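Undergrad:
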Amino acid sequence: GDAGVPIRIGVNAGSLDKRLLAKYGRATAEALVESALWECSLFEEHGFRDIKISVKHNDPVVMIRAYRQLAERCDYPLHLGVTEAGPAFQGTIKSAVAFGALLAEGIGDTIRVSLSAPPVEEIKVGNQILESLGLRERGLEIVSCPSCGRAQVDVYKLAEEVTAGLEGLPVPLRVAVMGCVVNGPGEAREADLGVASGNGKGQIFVKGKVVKTVPEAQIVETLIEEALRIADEMGAEIPEELRELLPGGATVTVH
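Just so you know, the sequence shown maps onto residues 1 to 255 in full-length UniProt numbering.
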């Protein structure tokens, strides 16, 4: 319109027009698409085409089908969303599956992750989905192995502590936390920074080369210090609370 303000036409499975529910029996993909295109036509009759569309459903399969149909039938920007996705874990899986399938096909212009969780968690999930598909510059990525029978350290605990210690670090850094000396060295070499643990100690890799070997109790502290050192060398703006942990600064303590 003259004001240059777009309007989003949002169709939600939970509030679908009763006539369409009667026609299709339930909130099918076809019902969502028909509703959205009909509402678009009302704006088009008045010459308004600055529109974005969303057709949200709590079932990722129905949602994916609806957006695929929309993409075939119109050229309007599409806003992706899974409505009533549920608690953090369940909602994250649903959103990742639905958004991943569509975005990988080039369908979707904006996304909204809806979780029964604090809004900051929704943003984290959304960013991770986009980063995983290469649609957003990657931030800090922690790669860790599963807890198989070869693991000689508590990989889960190590990965959690490293993640917590580096939260807020604004660099595209890949950190590998590996629990054995079988696959560990290979995986660690592929990362910017990594550790291959075993026999009560950890080999620290930086850019594919072993730079030091430290006792198991110092693995987390060393990884955090090395990550901050690399970030500092990259010229990254390191938050003050993390800058204090740079080598030569305060002691790293992970609770």
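Just so you know, even glycine gets a beta-carbon here, dropped at the ideal spot from N, CA and C.
Quick caveat: nothing in here was measured; it's all calculated off a predicted structure.
Mark residue 116 as exposed unless 16 or more other C-beta atoms lie within 10 angstroms of its C-beta, in which case mark it buried.
TA: Counting Cβ neighbours within 10 Å, residue 116 comes out exposed, since fewer than 16 surround it.
Undergrad: What are the complete beta strand (DSSP E) segments, minimum 3 residues, inside the UniProt domain "IspG C-terminal" (141-226)?
TA: Fully enclosed beta strand (DSSP E) runs of 3 or longer: 141-144, 174-178, 193-198, 201-206, 209-215.
Undergrad: Would you tell me roughly how many angstroms separate the C-alpha atoms of residue 74 and residue 141, rounded to the nearest one?
TA: Cα to Cα, residue 74 sits roughly 37 angstroms from residue 141.
Undergrad: On the three-state DSSP scale, how would you describe residue 120?
TA: If DSSP states are grouped into helix, strand and coil, residue 120 belongs with the helices.
Undergrad: Taking the alpha carbon of residue 72 as the point to measure from, which residue in 92, 37, 99 has its own alpha carbon closest?
TA: Comparing Cα-Cα distances from residue 72 to each of 92, 37, 99, the minimum goes to 37.
Undergrad: If you pair each beta-carbon of the region 57-70 with each one of the region 20-32, do three or more pairs fall below 8 angstroms?
TA: The region 57-70 vs the region 20-32: in contact.
Undergrad: Just to confirm my understanding: we take residue 122, look at its own chain, exclude 5 residues before and 5 after, and list those with CB closer than 6 angstroms. What are they?
TA: Excluding residues within five positions, the ones whose Cβ falls inside 6 angstroms are 113, 115.
Undergrad: Enumerate in chain order the residues of its own chain whose CB-to-CB distance from residue 57 is below 6 angstroms, with the five nearest sequence positions on each side excluded.
TA: Taken in chain order, the residues that qualify are 13, 63.
Undergrad: Suppose the cutoff is 6 angstroms on Cβ atoms and the five residues either side in sequence are ignored; what does the same chain contact list for residue 10 look like?
TA: Contacts found: 54.
Undergrad: Three or more C-beta pairs closer than 8 angstroms, one from the region 223-241 and one from the region 159-172: is that the case here?
TA: Yes, the region 223-241 touches the region 159-172.
Undergrad: What's the gap between the Cα of residue 136 and the Cα of residue 246?
TA: If you take the alpha carbons of residue 136 and residue 246, they lie about 27 angstroms apart.
Undergrad: Compute the distance between the beta-carbons of residue 208 and residue 195, then report whether it is under 9 angstroms.
TA: Result no, Cβ atoms of residue 208 and residue 195 do not sit closer than 9 angstroms.
Undergrad: Using a Cβ-Cβ cut-off of 7 angstroms (strictly less than) and excluding sequence neighbours within five positions of residue 100, which residues of its own chain qualify?
TA: For residue 100, where only same-chain residues beyond five positions count, the Cβ hits under 7 angstroms are 129, 133.
Undergrad: One question on the structure: do residue 197 and residue 182 come within less than 9 angstroms of each other, judged by their Cβ atoms?
TA: No.
Undergrad: Using the Cα positions of residue 59 and residue 146, report the straight-line distance between them to the nearest angstrom.
TA: Each residue's alpha carbon lies about 29 angstroms from the other.
Undergrad: When you measure from the CB of residue 44 to every non-hydrogen atom of the ligand SAH, does any distance come out below 8 angstroms?
TA: Inclusion of the ligand SAH in the displayed structure is not the case, the ligand content being empty and no account of it being possible.
Undergrad: What residue range does the alpha helix (DSSP H) around residue 61 cover?
TA: Note, residue 61: alpha helix (DSSP H), 60-73.
Undergrad: Let me check one thing: in DSSP terms, what residues is residue 51 bridge-paired to?
TA: Its beta-bridge partners are 7.
Undergrad: In the DSSP assignment, what residue or residues form a beta bridge with residue 87?
TA: Partner(s): 116.
Undergrad: CB-CB under 6 angstroms to residue 193, same chain, minus the five flanking residues each way: which ones, in chain order?
TA: Correct list, in chain order: 175, 206, 226, 227.
Undergrad: May I have the straight-line CA-CA distance separating residue 49 from residue 22, to the nearest angstrom?
TA: Near 29 angstroms, if we compare the C-alpha coordinates of residue 22 and residue 49.
Undergrad: Can you give me the C-alpha to C-alpha distance between residue 144 and residue 186, rounded to a whole angstrom?
TA: Looking at the two C-alpha atoms, the distance is approximately 12 angstroms.
Undergrad: Would residue 202 and residue 211 be called neighbours here (beta carbons separated by less than 9 angstroms)?
TA: Contact: no.
Undergrad: So, is residue 44 buried or exposed, given that buried needs 16 or more other C-beta atoms within 10 angstroms?
TA: It counts as exposed.
Undergrad: Take residue 139 as the anchor and find which of 235, 82, 173 has the nearest alpha-carbon.
TA: Checking every option, the nearest Cα to that of residue 139 belongs to 173.
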